[in-house]
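I have placed the structure first, in the form of structure tokens, so that the comments after it can refer back to it.
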Amino acid sequence: MLRAAARRFDDPGRVLEEVNDSLHVDIPPNMFVTCFYAVIDTHTGLIRYANAGHNLPYVRTETGVEELRATGMPLGLMPGMTYEVKEAKVAHGDTILIHSDGVAEAHGPNGEMFGFAGLMGLMGAHGHAPDLVERILDELEDFTGPGYEQEDDVTLVVLRRTSTAQEAAAAFMTDRIITEFEIESQEGNERQAIDLVEEAVASIGLAEERIERLKTAVGEATMNAIEHGNKNDPALPVTVSVALDPSALRIRISDRGSGRPEGAGVATPDIEAKLAGEQSPRGWGLFLIESMVDEASESTVDGLHTVELVMYLEGGRE
Amino acid sequence: MTENRFDVTTRVEDGRLLVMMTGDVNAGAASKMEEVQNAVADTGLRGVVLDFGKVDYINSTGIALIVSLLARARAANVEVVAFGLTDHYRQIFQITRLSDFVGIYPDKASALRAAPV
Chain A
34 MLRAAARRFD DPGRVLEEVN DSLHVDIPPN MFVTCFYAVI DTHTGLIRYA NAGHNLPYVR
94 TETGVEELRA TGMPLGLMPG MTYEVKEAKV AHGDTILIHS DGVAEAHGPN GEMFGFAGLM
154 GLMGAHGHAP DLVERILDEL EDFTGPGYEQ EDDVTLVVLR RTSTAQEAAA AFMTDRIITE
214 FEIESQEGNE RQAIDLVEEA VASIGLAEER IERLKTAVGE ATMNAIEHGN KNDPALPVTV
274 SVALDPSALR IRISDRGSGR PEGAGVATPD IEAKLAGEQS PRGWGLFLIE SMVDEASEST
334 VDGLHTVELV MYLEGGRE
Chain B
2 MTENRFDVTT RVEDGRLLVM MTGDVNAGAA SKMEEVQNAV ADTGLRGVVL DFGKVDYINS
62 TGIALIVSLL ARARAANVEV VAFGLTDHYR QIFQITRLSD FVGIYPDKAS ALRAAPV
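Going down the list, the sequences are from chains A and B.
For the first sequence, my numbering assigns the number 34 to the initial residue and increments by one for each residue that follows.
For the second sequence, my numbering assigns the number 2 to the initial residue and increments by one for each residue that follows.
The structure is reproduced here in structure tokens:
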């Protein structure tokens, strides 16, 4: 129902009105559904929302915790309801938490409630943490104690606005950044990236041949970032981060370019045509990158183009 | 300016042109590799031996320079062989299929023997 209404109306209040009226016809007596509905513009951070009796979501801003407050009756109770529509601006670095009843209304061993204030307090303390959901669940478990039988649905949704692809990757990271550095966009500087990555991964136990492959891929991706992404402009840095998760090493190389068109594949260079002078002798970079690592992907977020190179710690290509 | 870490010397040995490279085969090697291309095309010898023993780094631009060298050699009916590649670059020569057009040998003696006179 929500999906159908969402296709027809942009206005969050109008969507909830529509769903409420449809639901009211079929829903058993004394049953209802709560719903928080929001439309988010990821470029501007503008959020327009309406609320049908759901717990108020929290926003952790730079300065504190705010509620996304809008009034409205739960869906399906009564026909012809209207829903207040509110707007808020979500800044870079802000985190929104949407939560279901089973969190705040969980009871401790002595019958006391975990509480909305408790949850809001956690947002204040840990709202910016990459592992916010885990932290809340840990606190909840400590509060309810051993042998607790869950009373209601426990659902947590965390939305975080970031300004760069790297931040986005790091915002919920389960991996650990080993090193991060910037290099000047100048021809030949890919050697710096190669040397620093080599130094960073020296102790993680990758086979020597795989380190060599990684170095070649890092060199090529960095060259592309310098030359094609940043157009050799020394004022624009290439940023490189090296992250380790339990199964893989992830190298992210970012420039200020727009990247290649989406869906553009990597052609295998035709060496016969090159030797016959029918094709440029160049054009090996992307092919080399793809041949060297276990996974290579690219993304562009907010003007930052990032190539991610992945080397599995075990297995992977020979 | 970035440091130019490439140098190359050539000499005739056992009737083949021996090309000894040192350092990085990348954009910084372009002008010197062009001289080698000319030497390969003009030498009048039928066999060229590339010595990669002192090469630390070859990037995609360097591969393009080697492809250009091979194209010139081919046009002049000159055969090219190589030795001194590390395992890694030997693998890159295979992946790029350069090795279909350059015989790769473990050492100078076997490379010299393989190149035609």
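By construction, the Cβ of each residue, glycine as well, lies at the ideal position given by its N, Cα and C atoms.
Pairwise C-alpha distance: V334(A) and G125(B): The question about residue 125(B) has no answer, for chain B in this structure spans 2 to 118.
Rounded C-alpha distance that separates T3(B) from S61(B): Any reading at T3(B) needs caution, since the residue's pLDDT is 48, under 50, leaving its predicted position unreliable; the model's value is listed next. Roughly 17 Å between the two C-alpha positions.
Based on the DSSP secondary-structure assignment, which residues constitute the bridge partners of V49(B)? Per the DSSP secondary-structure output, V49(B) pairs in a beta bridge with L18(B), V81(B).
Any Cβ of chain B within less than 8 Å of the Cβ of P314(A)? yes
List, in order along the chain, the chain A residues whose C-beta lies closer than 7 Å to that of I64(B)? W317
Please state the DSSP three-state secondary structure of S61(B). helix
My output table needs one value for P45(A): the three-state DSSP class, helix, strand or coil. helix
Starting from D25(B), follow its DSSP beta bridges and name the residues at the other end. Y58(B)
Relative to the alpha-carbon of G238(A), which residue among E347(A), G105(A), D43(A) has its alpha-carbon at the smallest distance? E347(A)
Start and end of the beta strand (DSSP E) containing S287(A)? 281–288
Could you give the first and the last residue of the continuous alpha helix (DSSP H) run that contains L189(A)? Segment 189–193 is the beta strand (DSSP E) holding L189(A); no alpha helix (DSSP H) there.
When you compare each of L79(A), G310(A), D74(A), P107(A) to D356(A) by their alpha carbons, which one comes out closest? This structure cannot settle anything about residue 356(A), because the visible part of chain A is limited to 34 through 351.
How about A276(A) and I211(A): are their beta carbons less than 8 Å apart? yes
Along the chain, which unbroken stretches of the beta strand (DSSP E) at least 3 residues long are found entirely within the region 206–240 of chain A? 209–217
For S330(A), count neighbouring Cβ atoms within 10 angstroms of its own Cβ and tell me buried if that reaches 16, exposed if not. exposed
Give the interface partners of G298(A) over in chain B, defined as CB-CB distance under 7 Å, in chain order. Going along chain B, no residue has its Cβ under 7 Å from G298(A), so there is no contact; the nearest lies around 17 Å.
Along the chain, where does the alpha helix (DSSP H) containing K122(A) start, and where does it finish? K122(A): not part of any alpha helix (DSSP H); member of the beta strand (DSSP E) spanning 119–122, first to last residue.
If you drop the 5 nearest sequence neighbours on each side, which residues of the same chain put their C-beta closer than 7 Å to that of G318(A)? E253, M256, N257
At a CB distance below 7 Å, what residues from the region 66–79 of chain B approach chain A? Give them in sequence order. V68, S69, L71, A72, R75
Three-way DSSP call (helix, strand, coil) for F149(A) in this model: helix
Boundaries of the beta strand (DSSP E) in which Y91(A) is found, first to last residue: 91–93
Name the chain B residues that come within less than 9 Å of K307(A), Cβ to Cβ? A65, V68, S69, L71, A72
How many Å lie between G148(A) and I227(A) at the Cα? 52 Å
Run through chain A and tell me which residues come within less than 8 Å of A28(B), C-beta to C-beta. The answer, in chain order, is E220, G221.
T23(B) to T87(B) span [Cα, whole Å]: 14 Å
Buried or exposed: which applies to G157(A), given that a residue is buried once 16 or more other Cβ atoms fall within 10 Å of its Cβ? exposed
Going along the region 87–99 of chain B in order, which residues come within less than 9 Å of chain A, judged by CB to CB distance? T87, D88, H89, Y90, Q92, I93, I96, T97, R98, L99
Would you kindly report the start and end of the unbroken alpha helix (DSSP H) that includes F320(A)? Segment 318–325, the alpha helix (DSSP H) holding F320(A).
Among G296(A), A300(A), V273(A), which one has its Cα closest to the Cα of S287(A)? V273(A)
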